[in-house]
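Peer 1: I have a structure I would like to understand better, so I am pasting it below and will then ask my questions one at a time.
Protein chains in written order, with my numbering: chain A, 1 to 213; chain B, 1 to 111.
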């Protein structure tokens, strides 16, 4: 597919400028893609590790709850957990990786330092399984929040990588070749016109020379 | 930077314990309920929303709606019935989409 242009010097100039621009853009985008890829792979690895960790920990915590519910009546568990003492304060901001906005999360337990605060009940009427389960859950919390951050970043970066790759490919396989083709077309046309002009001049000179003789 | 909250949506048995940690818990009994809870939570200032895998599978379309914006983060977590591998599958698919090939998990086998 070539760009239809009139074969003039002016058009040739313009096309050459566009070609230079396209090549530069292509190089920049390609560099961006490489860098995005680097960050992406790092994040994916982290994401996968965290995932594995979380799956194990939550599995254990949930099993604990199941046992606790078996040991106590459902109503008793509900009552025990009715009014949590602890609250989590979460601050969500944004961070930029290669100009992609990703969330950054900071969080703390409001009553940091006092480990008993995660148990919102007296110990008299609850089973120990419930305590264990809640402790496991609270230990999983830091990775859980980090996982949220990392997994979101992975998603957003994947999006950006896809977009950038499309652009790189469009430049590399469509725009730049078609510009090169048009430039070649114009150059050949101009050369052809030049040669035509030359032969005409030579012919004219010959005719003039014959008359003079 | 302002204050945000964390929400958990899922079947009550799995997620009850989160309540002790001060996380908002929205029990759901069906995919439909989970979807309603998710939309409601996303409108409020919940920055992170966890959904148990059992329901996440049913409302995957709604979840992907939120994947383009930085906030809120919607995330699946395993539930009582055990890990079904949906989360890993999602990571794998994201990698495939970005790189065009599953180089990360494929490489694991050889390494």
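Note that beta-carbon positions come from the ideal geometry of N, C-alpha and C, so glycine has one too.
Please go through the same chain and pick out, in chain order, the residues whose beta-carbon is closer than 6 Å to the beta-carbon of residue 23 (chain B), but skip the five residues on each side of it.
Peer 2: If we look at residue 23 (chain B) and ignore the five residues flanking it on each side, its Cβ neighbours are 6 and 8.
Peer 1: Just the C-alpha distance for residue 143 (chain A) and residue 45 (chain A), rounded to the nearest angstrom, thanks.
Peer 2: Approximately 14 Å, taken between the alpha carbons.
Peer 1: Assign residue 160 (chain A) to buried or exposed, taking buried as 16 or more other Cβ atoms, counted over all protein chains shown, within 10 Å of its Cβ.
Peer 2: With 16 or more other Cβ atoms within 10 Å, it is buried.
Peer 1: Which complete alpha helix (DSSP H) runs does the stretch 94-172 of chain A hold, if anything under 4 residues is left out?
Peer 2: Those alpha helix (DSSP H) runs which fall completely within the stretch 94-172 of chain A and span 4+ residues are 128-170.
Peer 1: Fully enclosed by the stretch 56-88 of chain A, which beta strand (DSSP E) runs are 3 residues long or longer?
Peer 2: For the stretch 56-88 of chain A, not a single whole beta strand (DSSP E) run of length 3 or above is found.
Peer 1: Cα separation between residue 170 (chain A) and residue 32 (chain A)?
Peer 2: Rounded to the nearest angstrom, the two C-alpha atoms are 15 Å apart.
Peer 1: Which residue wins for smallest C-alpha separation from residue 78 (chain B), given the options A:105, A:131 and A:58?
Peer 2: The candidate whose alpha carbon is nearest that of residue 78 (chain B) is A:58.
Peer 1: Is the distance from the Cβ of residue 186 (chain A) to the Cβ of residue 5 (chain A) below 8 Å?
Peer 2: Yes, these two residues count as a Cβ contact at 8 Å.
Peer 1: Between which two residues does the beta strand (DSSP E) containing residue 24 (chain B) stretch?
Peer 2: First-last of the beta strand (DSSP E) with residue 24 (chain B): 24-27.
Peer 1: Taking 8 Å as the threshold (beta carbon to beta carbon), is residue 58 (chain A) in contact with chain B?
Peer 2: Taking Cβ atoms only, chain B reaches closer than 8 Å to residue 58 (chain A), which makes this a yes.
Peer 1: Just the C-alpha distance for residue 98 (chain B) and residue 38 (chain A), rounded to the nearest angstrom, thanks.
Peer 2: Between residue 98 (chain B) and residue 38 (chain A), the C-alpha separation is close to 12 Å.
Peer 1: In this structure, how does DSSP classify residue 91 (chain B) when only helix, strand and coil are distinguished?
Peer 2: DSSP places residue 91 (chain B) in helix when its eight states are reduced to three.
Peer 1: Going along the stretch 39-73 of chain B in order, which residues come within less than 7 Å of chain A, judged by CB to CB distance?
Peer 2: Here the close residues are 47, 48, 67, 68, 70, 71 and 73.
Peer 1: So for residue 113 (chain B), helix, strand or coil by DSSP?
Peer 2: What the structure shows of chain B is the stretch from 1 to 111, and residue 113 (chain B) is not part of that stretch, so it cannot be assessed.
Peer 1: Alpha carbon to alpha carbon, how far is residue 61 (chain A) from residue 176 (chain A)?
Peer 2: Rounded to the nearest angstrom, the two C-alpha atoms are 57 Å apart.
Peer 1: Three or more C-beta pairs under 8 Å: does that hold for the stretch 183-203 of chain A against the stretch 9-22 of chain B?
Peer 2: With a cut-off of 8 Å, the stretch 9-22 of chain B and the stretch 183-203 of chain A do not count as touching, because too few Cβ pairs lie within range.
Peer 1: Can you tell me where the alpha helix (DSSP H) with residue 50 (chain B) in it begins and where it stops?
Peer 2: Where residue 50 (chain B) is concerned, there is no enclosing alpha helix (DSSP H), although the beta strand (DSSP E) it sits in stretches over 46-52.
Peer 1: Let me confirm a value: residue 47 (chain A) is counted as buried when at least 16 other C-beta atoms fall within 10 Å, else exposed. Which label applies?
Peer 2: By the 10 Å Cβ count, residue 47 (chain A) comes out buried.
Peer 1: Can you look up residue 8 (chain A) in the DSSP assignment and give me helix, strand or coil?
Peer 2: Coil at residue 8 (chain A), not helix or strand.
Peer 1: May I ask you to report which of helix, strand or coil DSSP gives residue 69 (chain B)?
Peer 2: Coil, per DSSP.
Peer 1: What does residue 47 (chain A) touch in chain B if you count any residue whose Cβ is under 7 Å from its own?
Peer 2: In chain order: 91.
Peer 1: Would you say residue 94 (chain B) faces chain A, with C-beta separation under 8 Å as the test?
Peer 2: Yes - at least one Cβ of chain A is within 8 Å of the one on residue 94 (chain B).
Peer 1: Does the CB of residue 179 (chain A) have a neighbour CB from chain B at under 8 Å?
Peer 2: Residue 179 (chain A) does not count as touching chain B.
Peer 1: Taking only the alpha-carbon atoms, compute the straight-line gap between residue 204 (chain A) and residue 191 (chain A) and give it to the nearest angstrom.
Peer 2: Those two C-alpha atoms are separated by around 20 Å.
Peer 1: Taking the Cβ atom as the reference point for each residue, do residue 132 (chain A) and residue 72 (chain A) lie within a distance shorter than 8 Å?
Peer 2: No, the Cβ-Cβ distance between residue 132 (chain A) and residue 72 (chain A) is not below 8 Å.
Peer 1: Residue 138 (chain A) CB to nearest chain B CB: under 8 Å?
Peer 2: Chain B contact via Cβ: present.
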